[in-house]
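Note that our numbering has the sequence shown beginning at 12, numbered continuously upward.
Worksheet: one structure, shown below.
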Amino acid sequence: MASRHPNTTGSWVTWSKHSTAPARFYSGAIPRVLVADLDMLKHILVKDINNFVNRSMMPLMGGCVEELMDMYETAADSGQPIDMMEAFQCLTMDVINRCAITLDINCIKNPKNEVLAFMRKYVSQPIPCIFKFIVAFPMLYDLIRLLIPENKRNNITFIEEHLTKVVKQRREQTQATVVDGLQLLVDAADANVDASKTKLTVTGFITRQATQDWQYGPYTIPAGTEVEVPVWSIHHNPELYPQPELFKPERFLPKAKKDRHTMAYLGFGGGPRNCLGLRFALMEMKLVLSSVIQRFYIKPCSHTKVPLTLVTRNVFTNPDEGVWLTLHRRTTDLPHHYQPPTQGTALADEQVVYMDTTLVRHPNDNAAAVVGPC
């Protein structure tokens with residue numbers, strides 16, 4: 012199988028429009044198989060999991076959110092637009108550092124923090140060809156790594172040294188409190204979060220590796236084969252989600268979810284080996300969204316990009332130029348011309364270009380969706 016897209020997610024979207032049957036291919040010397048059949052995925056991710064491998068916080072998180080709300084209130088009072096994407100990046104970095112390694116780097120108040128700057132630079136860079144070569148030929152890693160210029164490793168090295176330093180400090184500070192993970196468990200409605208993660212899937216695919224030969228009907232997956240799961244394509248399959256371009260949280264209410272295939276939603280992966288940070292991520296998203304919505308009205312401004320452009324530079328899909336909006340305190344009156352987004356509005360004139368990826372959305376819709384390659 013071949014594709015003109017240099018981006019994996021784009022290749023899977025192209026392929027899924029022609030067939031749902033498993034497709035075998037090679038990445039260098041590594042055999043891979045693309046699987047989008049949901050019944051087959053249920054076996055791979057759940058029933059036969061043993062054969063497919065590789066894969067107090069609330070108060071701390073709440074403190075980070077309160078600092079974000081303070082920043083939003085200042086922006087709302089001044090009437091200045093704010094890049095929501097940049098603000099959420101700062102929040103995410105603060106939450107990770109406080110909850111994971113008990114370190115307060117305060118990116119919200121100091122968005123020029125060097126840790127955040129290096130992390131942004133690291134995740135925004137396209138995957139170099141040399142790293143793709145390493146993935147294809149892992150047996151040559153030790154030799155190839157000697158050929159990588161030192162400046163290409165600086166970002167990773169900085170992050171590694173930062174974490175090593177913090178771990179050493181924490182070992183010396185035995186009085187540091189360990190927060191129980193049970194604080195992450197909350198009972199809240201997931202419909203809007205699930206709908207957002209389905210319509211805008213940040214990671215377009217997940218992988219597993221077969222530890223031994225595996226048979227499913229007429230298909231055989233040999234041991235050592237990488238199984239690629241095209242998450243974005245599944246989430247935008249009209250047979251699973253009619254009119255997938257619409258933002259419809261009601262698709263994810265308990266009754267609707269019960270009637271749908273369990274593998275139709277893979278926002279955090281699937282099966283026992285799903286994302287380890289699932290509950291942590293959900294807690295953070297819901298805490299931030301509830302805090303923002305309770306305190307502010309949100310509306311577009313002159314810096315708001317309509318349509319919104321998304322870019323897939325490595326394995327992540329993100330807004331290309333941020334998400335600029337203005338905030339108004341709920342204690343004040345909104346401008347008379349303000350109209351809230353219309354739920355369920357279809358996308359118009361969508362385009363998809365992978366690497367760089369461009370997803371165009373309707374100005375009244377509040378999420379973007381892939382509809383097919385240009």
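Beta carbons are placed, not taken as given, at the ideal position from N, Cα and C, and that holds for glycine.
In this structure, Ala267 keeps its C-beta atom at 9 Å or more from the C-beta atom of Leu251. By the neighbour-count criterion, in which 16 or more other beta carbons inside 10 Å mark a residue as buried, His272 falls on the exposed side. Residue nearest to Val334 within the set Thr320, Arg340, Gly90 is Thr320 (criterion: CA-CA distance). In the assembly as shown, Arg341 is an exposed residue. Its beta-carbon has fewer than 16 other beta-carbons within 10 Å. For Lys259, the three-state secondary structure derived from DSSP is coil. Rounded to the nearest whole angstrom, the C-alpha separation of Leu338 and Tyr308 is 6 Å. CA-CA distance, Gly215 to Thr25, rounds to 13 Å. Apart from sequence neighbours up to five positions away, the residues of its chain that approach Ala86 with a beta-carbon distance below 7 Å are Ile93, Leu338, ordered along the chain. Beta-bridge partners assigned by DSSP to Asp50: none are found.
A straight line joining the alpha-carbon of Ser30 with that of Thr323 spans about 23 Å. By the criterion of at least three beta-carbon pairs nearer than 8 Å, the stretch 208–222 is in contact with the stretch 239–250.
The three-state secondary structure of Asn203, taken from DSSP, is helix. If you check the CB distance, Asp48 and Pro70 do not come in under 9 Å.
Fewer than three Cβ pairs drawn from the stretch 293–311 and the stretch 221–230 lie within less than 8 Å of each other, which leaves the two stretches out of contact. By the beta-carbon neighbour count (other beta carbons within 10 angstroms, threshold 16), Ile304 is exposed.
Judged by DSSP in its simplified three-state form, Phe216 adopts coil rather than helix or strand. Sequence-distant Cβ neighbours of Ala206 in its own chain, meaning closer than 7 Å and more than five residues away, are Phe258, Lys259, Pro260, Arg262, Phe263. Sorting Thr328, Ser302, Lys316, Leu336 by C-alpha distance to the C-alpha of Asp81 places Ser302 at the top. Contact between Val44 and Glu239 holds: their C-beta atoms lie close to 7 Å from each other, under 8 Å. With fewer than 16 other Cβ atoms inside 10 Å of its own Cβ, Phe327 counts as exposed. Per DSSP, Gln226 is not a residue of any alpha helix (DSSP H); the beta strand (DSSP E) it occupies stretches across 225–227. With fewer than 16 other beta carbons inside 10 angstroms of its own, Ala234 counts as exposed. Secondary-structure assignment with DSSP links Ile93 through a beta bridge to Leu336. Between the alpha carbons of Asn108 and Met95 lies a gap of roughly 20 Å.
By alpha-carbon distance to Pro42, the top candidate from Gln100, Gln220, Asn203 is Gln220.
Looking at the backbone, the Cα of Asn117 and that of Gly39 are separated by about 43 Å. Here Ser30 carries a coil assignment [DSSP, helix/strand/coil].
Minimum Cα-Cα distance from Lys269 among the listed residues Lys316, Glu97, Ala202, Phe279 corresponds to Ala202.
By the neighbour-count definition (other C-beta atoms within 10 Å, threshold 16), Gln223 is an exposed residue. By a beta-carbon distance limit of 8 Å, Gly288 does not contact Ile217. Their separation comes to about 14 Å. Thr315 sits close to Leu336, with the two beta carbons spaced by under 9 Å. In the DSSP assignment, Val322 falls within the beta strand (DSSP E) that extends over 321–323.
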